[in-house]
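In the working numbering, the protein residues as written are 91 to 203. A short worksheet on the structure shown next.
Structure below.
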């Protein structure tokens with residue numbers, strides 16, 4: 091009778107071991123599948139982020155170019171305003187001299203030769 095128990099126990103242990111091996115293989119396959127899916131999704135997200143970063147870099151470059159152009163235009167406008175101020179000052183001085191000359195002639199400060 092002891093022989094039959096040993097054989098039965100060995101068979102049971104073998105079956106349990108086989109089932110555990112099968113479960114481990116299934117678990118490993120599922121884990122590998124999950125890992126592959128995760129890596130694919132992560133790669134897709136990384137590509138998406140890289141594309142957005144490239145777009146942002148292009149936008150920043152465009153903004154820098156735009157700022158440079160605006161600075162040039164502001165410098166040009168500043169020069170024009172300075173020139174206009176000089177001309178306006180000259181006209182104002184001429185107008186004041188003409189008015190003073192007219193007043194001097196009106197009140198007789200200027201002599202007749």
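Don't be surprised by glycine CBs; every beta carbon is placed ideally from N, CA and C.
Nearest-angstrom Cα separation, counted from residue j out to residue i
i, j, result
"residue 180", "residue 156", "36 Å"
"residue 149", "residue 174", "37 Å"
"residue 193", "residue 167", "38 Å"
"residue 139", "residue 152", "20 Å"
"residue 186", "residue 170", "24 Å"
Under the three-state DSSP convention, the category residue i falls into
i, result
"residue 199", "coil"
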